[in-house]
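> Position 15 (the sequence shown) corresponds to 6 in the working numbering; numbering is contiguous.
Note that CB positions come from ideal geometry on N, CA and C, so glycine has one too.
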Amino acid sequence: MHEKYQECIQECLHCMQICNHCYDACLKEDNVMMANCIRLDRECADMCGFAAKAMASNSPFASEICQLCASICEACGNECKRHNAAHCQECADVCFKCAKLCKKMPS
-8 MHEKYQECIQ ECLHCMQICN HCYDACLKED NVMMANCIRL DRECADMCGF AAKAMASNSP
52 FASEICQLCA SICEACGNEC KRHNAAHCQE CADVCFKCAK LCKKMPS
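If you want it as structure tokens, here you go:
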């Protein structure tokens, strides 16, 4: 049954990976203003992993979880977009793509 979710599962896992990379790279930045970016990277990575697991197990709550994941991805993307670091810009792009796919998940 998880086949209908396959593209979104892959994008959530990719987003989780990129958010984790951004989180790690932000920790190495000298800019204290990265605190919110770091927090959202962690939340987004965790939520993307949870959403992928929910879809893979065909959870009856997968659609609702994906909607929440989309909201968190958008928040993370908006924060990352504010920073000039290449890892933040890449993270923003991936977060927005993941949010778009998550929003399309069927009920």
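Would A90 be called buried (16 or more neighbouring beta carbons within 10 Å of its own) or exposed?
Indexing the sequence shown from 1 puts residue 90 at position 99. A90 is buried by the Cβ-count criterion.
> Are the beta-carbon atoms belonging to I9 and E65 less than 8 Å from one another?
Within the sequence shown, numbered from 1, the residue matching residue 9 stands at position 18. Within the sequence shown, numbered from 1, the residue matching residue 65 stands at position 74. Contact flag unset, no.
> Near K78, what residues of its chain come up, given a Cβ to Cβ distance below 7 Å and the 5 sequence neighbours on each side ignored?
Mapped onto the sequence shown, residue 78 falls at position 87. For the record, residue 78 in the displayed sequence is His; it is not Lys. For H78, the CB contacts under 7 Å within the same chain, skipping 5 residues up- and downstream, are H12, C13 and A16 in chain order.
> Return the Cβ separation of C35 and L92 in integer angstroms, given the expectation that the two are a contact with Cβ distance under 8 Å.
Stepping through the sequence shown from its first residue, residue 35 is reached at position 44. Stepping through the sequence shown from its first residue, residue 92 is reached at position 101. Actually they are not in contact, since the Cβ atoms of C35 and L92 sit about 14 Å apart, beyond 8 Å.
> Within its chain, find whatever has a CB closer than 8 Å to the CB of L4; leave out the 5 residues flanking it on each side and keep chain order.
Counting from 1 along the sequence shown, the entry for residue 4 is found at position 13. Apart from sequence neighbours up to five positions away, the residues of its chain that approach L4 with a beta-carbon distance below 8 Å are C39, G40 and A43, ordered along the chain.
> Roughly how many angstroms separate the alpha carbons of A61 and E55, rounded to a whole number?
Looking up residue 61 in the sequence shown gives position 70. Looking up residue 55 in the sequence shown gives position 64. One Cα belongs to A61, the other to E55, and the distance between them is close to 10 Å.
> Rounded to whole angstroms, what is the Cα-Cα separation between K88 and M25?
In the sequence shown, counting from the first residue as 1, residue 88 sits at position 97. In the sequence shown, counting from the first residue as 1, residue 25 sits at position 34. Computed Cα separation, rounded: 22 Å.
> I need the straight-line Cα distance from D21 to P97, nearest angstrom please.
Translated into positions along the sequence shown, residue 21 becomes position 30. Translated into positions along the sequence shown, residue 97 becomes position 106. Roughly 42 Å separates the two Cα atoms.
> Measuring alpha carbon to alpha carbon, tell me which residue in C67, A76 and H74 is nearest M7.
Within the sequence shown, residue 7 is the residue found at index 16, counting from 1. Of C67, A76 and H74, the residue nearest in Cα terms is C67.
> Could you please give the first and the last residue of the uninterrupted alpha helix (DSSP H) stretch that includes K88?
Here residue 88 refers to the residue found at position 97 when the sequence shown is read from its first residue. Per DSSP, K88 belongs to the alpha helix (DSSP H) from A77 to K94.
> By DSSP, does K19 sit in helix, in strand, or in coil?
Position 28 of the sequence shown, counted from the start, is the residue given in the question as residue 19. K19 falls in the coil class under three-state DSSP.
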